[in-house]
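My numbering runs 972 ahead of the 1-based position in the sequence shown.
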Amino acid sequence: MLRPGWENAFESAELRSRVDELVTSNWSQALKLANEIPHRWYRVQSLAKVAMAAPDDQFDTVLDTARSEASQDADAYRRVAVLAWIIDAALARGRSSTADAILRDAMSTIGTVIPDKSRAAALELLLARAIRIGDPHLRQVADALSEVAAILAADPYKKWRKWGKTYAKRIVWLLGRNHHPLAEQLLTARFGAARAAAFLNPRHPFPYR
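This is how it looks when you write it as structure tokens:
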């Protein structure tokens, strides 16, 4: 059984794939199909993809539609996390100020996302975009993710254990080369200083356990 709020998810994912196929060859049809996707999470992602390829005079309209749709999602995680795709669209079209504003909006409501594992997942999506936008947003997102990672590390039940393992790989991949201090901060929050150093040492395999 699907979790509440994910009805029509499979159909919507298939339609999203169809939009991806159409967007460069038949933009108008891709836009029409994107607007017809039943599930808002996938609809917003597709609208963002369509915005990337939009004619100049249509870009703002499509992007604004995507933002409006995102804001109407009843689920806090989806409402915040899906903004990552809209930021991608803005950056792809050179709208750095728009991307900046969307990231600020996301961070202003990140505290509404629960449980902590969901907040961490949303912050990881935003972190990947903040890297491209730069400071002060990169620092803000990293600090917020560090805080949540520390909370999860202290959880005695460790229900998020699988996330913790893959988190290390993603942080090293995103930040290890060009933002080493931030990578160290984020890994230390979750694993402690010694294991963080091991993760960041290219000569050693990942110490997952």
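Glycine included, C-beta positions come from ideal geometry on N, C-alpha and C.
When the options are compared against residue i, the one with the closest alpha-carbon
i       : options                            : result
Ala1102 : Ser1000, Ser1090, Ala1116          : Ala1116
Arg1050 : Ala1020, Ala1073, Tyr1014          : Tyr1014
Gly1146 : Asp1072, Ser1040, Leu1099, Ile1105 : For clarity, residue 1146 is Leu in the given sequence; the question names Gly instead. Selected option, being the one with the closest Cα: Leu1099.
Arg990  : Asn980, Ile1009, Trp978, Asp1072   : Ile1009
Ala1042 : Val1120, Ala1165, Lys1004, Thr1081 : Thr1081
Met1139 : Pro1108, Glu1096, Glu986           : Just to set this straight, residue 1139 is Tyr in the shown sequence, not Met. With distances taken between Cα atoms, Tyr1139 lies closest to Glu1096.
Lys1137 : Ala1071, Asp1107, Arg1104, Phe1163 : Phe1163
Ser1068 : Asp1028, Gly1106, Ser1040          : Gly1106
Trp978  : Asn1007, Thr1070, Ala1093, His1011 : His1011
Arg1111 : Gly1066, Ala1093, Met1079          : Met1079
Arg1104 : Gly1066, Ala1093, Asp1077          : Gly1066
Ala1093 : Asp1072, Ala1073, Leu1124, Ala1071 : Leu1124
Ala1071 : Arg1149, Leu1003, Val1144, Ala1020 : Ala1020
Short Cβ contact (8 Å threshold) for residue i with residue j
i       : j       : result
Val1054 : Gln1017 : yes
Ala1126 : Ala1161 : no
Trp999  : Val1022 : yes
Leu1172 : Leu1158 : no
Arg1091 : Val1120 : yes
Ile1086 : Ala1046 : no
His1109 : Leu1075 : yes
Leu1005 : Leu994  : yes
Ala1025 : Thr996  : yes
Ala1168 : Glu1156 : yes
Cβ neighbour criterion (16 or more within 10 Å) applied to residue i
i       : result
Met973  : Here the model assigns Met973 a pLDDT of 32, short of 50, so the residue's position is not dependable and the matter cannot be decided.
Lys1141 : exposed
Phe982  : exposed
Gln1001 : exposed
Pro976  : With a pLDDT of only 46 at Pro976, under 50, the local geometry of the prediction cannot be trusted, and no value is derived from it.
Thr1084 : exposed
Ala1166 : exposed
Lys1089 : buried
Arg1175 : exposed
Ser984  : buried
Arg1039 : buried
Arg1181 : Note that Arg1181 has pLDDT 40, beneath the 50 cutoff, so the model's placement of it is unreliable and the number below is only indicative. By the neighbour-count rule (16 or more Cβ atoms within 10 Å), Arg1181 is not buried but exposed.
Closer than 7 Å: residue i CB and nearest the ligand HEM heavy atom
i       : result
Ala1006 : The ligand HEM is absent from the structure shown, which contains no ligand whatsoever.
* To do: Take every Cβ of the segment 1027-1035, pair it with every Cβ of the segment 1053-1073, and state whether three or more of those distances are shorter than 8 Å.
  => Yes, the segment 1027-1035 is in contact with the segment 1053-1073.
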